[in-house]
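Chemist: Structure in structure tokens, see below.
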Amino acid sequence: FNRKTEITEEFYEELEELLIQADVGVMTTQRLIEALRERVEDDNIRAIDGAREAFRDEMAGFLEDESEGLRLAQPVSLLLIVGVNGVGKTTTIGKLATYLKGAGHSVLLAAGDTFRAAAIEQLQAWGSRAGVPVIAHQPGSDPSAVIFDAIAAAEARGVDVVLADTAGRLHTKFNLMEELRKVSSVAGKRLPGAPHEVLLIVDATSGQNALIQAKQFTEVSPVTGLIVTKLDSTAKGGIVFAIRDELGLPIKFVGTGEKISDLAPFDAGRFVGGLFD
Amino acid sequence: ALSDRLEGVFSKLRGKGKLSEADVDIALREVRLALLEADVNFKVVKDVQNRIREKTIGEHVMESLTPAQHVVKIVHDELVELLGGGQRRLEMAGSPPTVVMLVGLQGSGKTTSAAKLALHMRKQGRRPLLVAADVYRPAAIDQLTQLGKQLSVPVYSEPAGAKPPDICANAVKKAREDADDLVILDTAGRLQINHELMAELEQIKARVPVTETLFVADAMTGQEAVNVAQEFHSHVPLTGLILTKMDGDARGGAALSIRAVTGVPVKFVGIGEKADALEPFYPDRVASRILG
Ligand SMILES: Nc1nc2c(ncn2[C@@H]2O[C@H](COP(=O)(O)OP(=O)(O)OP(=O)(O)O)[C@@H](O)[C@H]2O)c(=O)[nH]1
Ligand SMILES: Nc1nc2c(ncn2[C@@H]2O[C@H](COP(=O)(O)OP(=O)(O)OP(=O)(O)O)[C@@H](O)[C@H]2O)c(=O)[nH]1
Ligand SMILES: [Mg+2]
Ligand SMILES: [Mg+2]
Numbered sequence: 001f002n003r004k005t006e007i008t009e010e011f012y013e014e015l016e017e018l019l020i021q022a023d024v025g026v027m028t029t030q031r032l033i034e035a036l037r038e039r040v041e042d043d044n045i046r047a048i049d050g051a052r053e054a055f056r057d058e059m060a061g062f063l064e065d066e067s068e069g070l071r072l073a074q075p076v077s078l079l080l081i082v083g084v085n086g087v088g089k090t091t092t093i094g095k096l097a098t099y100l101k102g103a104g105h106s107v108l109l110a111a112g113d114t115f116r117a118a119a120i121e122q123l124q125a126w127g128s129r130a131g132v133p134v135i136a137h138q139p140g141s142d143p144s145a146v147i148f149d150a151i152a153a154a155e156a157r158g159v160d161v162v163l164a165d166t167a168g169r170l171h172t173k174f175n176l177m178e179e180l181r182k183v184s185s186v187a188g189k190r191l192p193g194a195p196h197e198v199l200l201i202v203d204a205t206s207g208q209n210a211l212i213q214a215k216q217f218t219e220v221s222p223v224t225g226l227i228v229t230k231l232d233s234t235a236k237g238g239i240v241f242a243i244r245d246e247l248g249l250p251i252k253f254v255g256t257g258e259k260i261s262d263l264a265p266f267d268a269g270r271f272v273g274g275l276f277d
Numbered sequence: 278a279l280s281d282r283l284e285g286v287f288s289k290l291r292g293k294g295k296l297s298e299a300d301v302d303i304a305l306r307e308v309r310l311a312l313l314e315a316d317v318n319f320k321v322v323k324d325v326q327n328r329i330r331e332k333t334i335g336e337h338v339m340e341s342l343t344p345a346q347h348v349v350k351i352v353h354d355e356l357v358e359l360l361g362g363g364q365r366r367l368e369m370a371g372s373p374p375t376v377v378m379l380v381g382l383q384g385s386g387k388t389t390s391a392a393k394l395a396l397h398m399r400k401q402g403r404r405p406l407l408v409a410a411d412v413y414r415p416a417a418i419d420q421l422t423q424l425g426k427q428l429s430v431p432v433y434s435e436p437a438g439a440k441p442p443d444i445c446a447n448a449v450k451k452a453r454e455d456a457d458d459l460v461i462l463d464t465a466g467r468l469q470i471n472h473e474l475m476a477e478l479e480q481i482k483a484r485v486p487v488t489e490t491l492f493v494a495d496a497m498t499g500q501e502a503v504n505v506a507q508e509f510h511s512h513v514p515l516t517g518l519i520l521t522k523m524d525g526d527a528r529g530g531a532a533l534s535i536r537a538v539t540g541v542p543v544k545f546v547g548i549g550e551k552a553d554a555l556e557p558f559y560p561d562r563v564a565s566r567i568l569g
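If you read the sequences in order, they're chains A and B. The first sequence begins at 1 in our numbering and counts up by one. The second sequence begins at 278 in our numbering and counts up by one.
Here's what the structure looks like:
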């Protein structure tokens with residue numbers, strides 16, 4: 001039997017190293033490798049190629065989600081975009097607006113980051129690039145009021161999707177997380193079913209902290225999915241395995257650059273392939 | 278916390294009398310877990326583990342009455358030594374203006390840190406000039422201009438179409454005219470694998486006498502921190518690190534990885550979004566935080 005293709009302990013060690021370096025995390029890596037060992041045994045896999053393929057298959061299956069795409073409602077859907085500072089929320093909204101327009105929707109943006117310097121101007125620039133209106137108030141105004149206004153504008157104009165930007169916030173900041181809870185609940189009172197999606201933006205370059213982020217954001221708003229940004233970087237975004245494992249959140253889209261077209265629906269096979277590049 | 282986990286490990290081993298080297302390895306596994314959970318780079322963890330192993334055996338921890346505490350102290354001291362040292366203050370140029378360039382990945386906190394640095398140095402008697410060298414991100418110039426206004430710090434910018442190396446060269450010229458002695462260049466976020474944008478940083482350095490190139494790193498950065506920093510370092514030698522968003526609960530292992538592999542000293546820590554949220558770097562605090 002060919003020694004080179006035999007599955008050895010070294011194979012599992014190299015796999016462990018690859019996964020840890022992809023930010024999958026030690027615990028999740030151990031679970032995944034353990035599951036692979038079992039499958040190798042159960043399926044009587046003898047060659048490394050077989051094991052690799054089984055593994056990629058296993059991992060992709062783990063991340064897949066039957067719910068296709070975004071949950072949209074009639075007549076107006078509110079998609080709330082949340083996450084910690086600098087992960088790509090505002091940019092992703094520009095990309096999503098373009099994507100949704102391409103899919104036949106009418107979109108408007110709500111400038112819900114009323115805190116950071118030039119946050120409103122930044123979203124307005126994206127709105128103009130995407131060719132969609134932006135509802136904004138003065139800097140320092142109440143984000144709930146902006147989103148309230150945006151919902152009203154969507155109803156009045158017959159727009160069917162509102163994308164609401166929010167300020168970056170660290171999940172350790174109690175007041176900011178409470179603000180998000182309020183934004184979410186106020187939206188629901190104004191528009192039944194809102195927010196129809198709460199999309200947590202996760203930066204692919206982030207390490208284990210992204211799992212804690214996901215847990216904490218889920219506590220204050222009904223997070224329905226993830227968008228992983230900056231996958232054009234050398235980071236692999238491996239933390240999503242732990243997020244999926246512990247919270248069951250589906251990955252809806254991936255961000256792959258800074259241009260308006262750099263957004264793609266999540267493809268588990270491609271994502272897993274990227275881990276092994 | 279690491280100390281609790283080690284207590285657990287050693288209490289299981291206690292009944293055996295004198296601890297063996299194999300027992301030390303069991304303890305080191307806990308150290309490895311703690312460091313990886315803290316986002317310390319995989320290869321750096323291996324080095325640190327080997328060093329700690331030597332010290333643990335060398336210091337006869339196996340005979341100690343409080344082996345867990347002893348190991349934690351060895352690990353803590355090792356991290357403090359790795360993190361500390363190097364020139365932690367901002368170096369000033371021989372003749373003014375001192376030029377400081379901020380570089381890093383997208384969204385790491387460069388623009389915010391530029392404003393913080395301007396305020397920090399003005400409190401020390403400097404006359405800072407902020408330079409809007411990010412011509413790509415929508416409203417980036419607006420962002421820095423607004424921050425400058427809030428602090429009454431002048432901001433140099435040029436209309437659309439201007440190129441960053443020219444902007445920076447013109448800014449230094451303006452600083453000399455206005456007798457500003459500190460020029461802070463806010464550059465666009467970029468990937469280390471983008472050849473064109475890496476070349477842009479080299480072009481800026483070629484046009485302007487940069488004294489300090491500070492790599493701005495997000496405290497939550499994962500395993501790639503080392504590769505990113507190394508690549509930046511190979512294009513424009515980094516002289517310091519600013520670790521941002523340390524007001525969160527990211528353990529900050531990236532700081533250890535970057536320092537251990539590139540030798541670049543951590544100079545400042547960002548602890549909030551406001552302009553006064555900048556602290557000097559305290560190695561022992563970050564060491565404790567990494568250990569968890
Ligand atoms: N390479 C790359 N950069 C991205 C991607 N998505 C966003 N960015 C960049 O990341 C930086 C931050 O993006 P923003 O959209 O301002 O992030 P944010 O979450 O809204 O930031 P805050 O509102 O300040 O919390 C910008 O420089 C973006 O161009 C991506 O998929 N790939
Ligand atoms: N909580 C906290 N937020 C920070 C800190 N530093 C920066 N931020 C926030 O992080 C986000 C990104 O900051 P920027 O200064 O725009 O980052 P940048 O590196 O200039 O981004 P690009 O120019 O797009 O690459 C903003 O929301 C900032 O307010 C910090 O130390 N703590
Ligand atoms: Mg934003
Ligand atoms: Mg910036």
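Glycine included, C-beta positions come from ideal geometry on N, C-alpha and C. Nothing here was measured: the structure is a model prediction, and the numbers come from that model.
1. Run down chain B in chain order and give the residues with a C-beta less than 8 Å from the C-beta of Asp149 (chain A).
2. So, with DSSP's three-state summary, where would you put Ser206 (chain A)?
3. Along the chain, where does the beta strand (DSSP E) that runs through Ala494 (chain B) open and close?
4. Can you tell me the Cα-Cα spacing of Lys377 (chain B) and Ile33 (chain A), whole angstroms?
5. Return helix, strand or coil for Tyr559 (chain B), following the three-state DSSP convention.
6. State the Cα-Cα distance for the pair Gly529 (chain B) and Val505 (chain B), rounded to the nearest angstrom.
7. Check distances from the C-beta atoms of the segment 348-377 of chain B to those of chain A and list, in chain order, the residues that come in under 8 Å.
8. Name, please, each residue of chain B whose Cβ falls closer than 7 Å to the Cβ of Ala117 (chain A).
9. List in chain order: all unbroken alpha helix (DSSP H) runs of 4+ residues lying wholly within the segment 74-140 of chain A.
10. Ala110 (chain A) and Ala73 (chain A) - do their beta-carbons sit closer together than 9 Å?
11. Could you check if Thr388 (chain B) belongs to the surroundings of ligand 4, using beta carbon to heavy atom distance under 8 Å?
12. Looking only at C-alpha atoms, which of A:Ile151, A:Leu176 and A:Gly248 sits nearest to Lys189 (chain A)?
13. What are the boundary residues of the alpha helix (DSSP H) that includes Met475 (chain B)?
14. Hey, could you find the ends of the alpha helix (DSSP H) Val26 (chain A) is sitting in?
15. Tell me the DSSP secondary structure of Phe253 (chain A) in three-state form.
16. Return the chain-ordered list of same chain residues with a C-beta closer than 6 Å to the C-beta of Ile120 (chain A), the five sequence neighbours on each side being excluded.
17. Under the three-state reduction of DSSP, which class applies to Tyr433 (chain B): helix, strand or coil?
18. Any idea what DSSP makes of Met369 (chain B), helix, strand or coil?
19. Any idea which residues DSSP pairs Ala410 (chain B) with across the strands?
20. Can you round the beta-carbon distance between Leu199 (chain A) and Glu246 (chain A) to whole angstroms, since I take them to be within the 8 Å contact cut?
21. Using a Cβ-Cβ cut-off of less than 7 Å, list which residues of the segment 392-409 of chain B approach chain A; keep chain order.
22. Between Val272 (chain A) and chain B, is any beta-carbon pair separated by less than 9 Å?
23. Count the C-beta pairs between the segment 385-404 of chain B and the segment 540-560 of chain B that are closer than 8 Å, then say yes if the count reaches three, no if not.
24. Could you tell me which chain A residues have their CB closer than 7 Å to the CB of Pro415 (chain B), listed as they occur along the chain?
25. Please name the residue or residues paired with Ile201 (chain A) in a DSSP beta bridge.
26. For Ala391 (chain B), report the span of its alpha helix (DSSP H) as first-last.
27. On the premise that Phe241 (chain A) lies in contact with Thr28 (chain A), defined as a C-beta separation below 8 Å, what is that separation, rounded to the nearest angstrom?
28. Exposed or buried, which one is Leu342 (chain B) when buried takes at least 16 other CB atoms within 10 Å?
29. Quick one: grab the DSSP three-state call for Gly517 (chain B).
30. Per DSSP, Glu6 (chain A) is paired with what?
31. Quick one: what's Phe545 (chain B) bridged to in DSSP?
32. Using CA atoms only, rank isn't needed, just tell me which of B:Gly384, B:His472 and B:Arg306 is closest to Ser511 (chain B).
33. Under 8 Å from any heavy atom of ligand 2, does the C-beta of Gln216 (chain A) make it?
34. Using a Cβ-Cβ distance under 9 Å, would Leu170 (chain A) count as near chain B?
35. With respect to 8 Å, is the separation between the Cβ of Arg566 (chain B) and the closest non-hydrogen atom of ligand 2 below this value?
36. Would you mind working out which of B:Ala416, B:Asp455, B:Val412 and B:Arg404 sits nearest Ala125 (chain A), comparing C-alpha positions?
Modeler: Per the coordinate set shown:
1. Simply none; closest approach about 21 Å.
2. In the structure shown, the three-state DSSP call for Ser206 (chain A) is strand.
3. Val487 to Asp495
4. Position check: residue 377 (chain B) holds Val in this sequence, whereas Lys was assumed. The alpha-carbon atoms of Val377 (chain B) and Ile33 (chain A) are separated by roughly 46 Å.
5. coil
6. 15 Å
7. none
8. Gln420, Gln423 and Leu424
9. Within the segment 74-140 of chain A, the runs of alpha helix (DSSP H) that reach at least 4 residues and sit entirely inside it are, in chain order, 89-102 and 119-130.
10. no
11. Correct: Thr388 (chain B) has its Cβ closer than 8 Å to ligand 4.
12. The shortest C-alpha separation from Lys189 (chain A) is found at A:Ile151.
13. His472 to Arg484
14. Val26 to Asp42
15. It is a strand residue.
16. Once the five neighbours on either side are set aside, the close Cβ partners of Ile120 (chain A) are Ala111 and Ala136.
17. strand
18. Secondary structure at Met369 (chain B): coil, using DSSP grouped into helix, strand and coil.
19. B:Thr464
20. Rounded, the Cβ-Cβ distance is 18 Å, inconsistent with contact.
21. none
22. no
23. yes
24. Gln122, Ala125 and Trp126
25. A:Ile227
26. Lys387 to Lys400
27. 5 Å
28. Classification of Leu342 (chain B): exposed, given that the 10 Å Cβ count is below 16.
29. For Gly517 (chain B), the three-state secondary structure derived from DSSP is strand.
30. A:Ala47
31. B:Ile519 and B:Pro557
32. B:His472
33. no
34. yes
35. Outside the cutoff, so no.
36. B:Ala416
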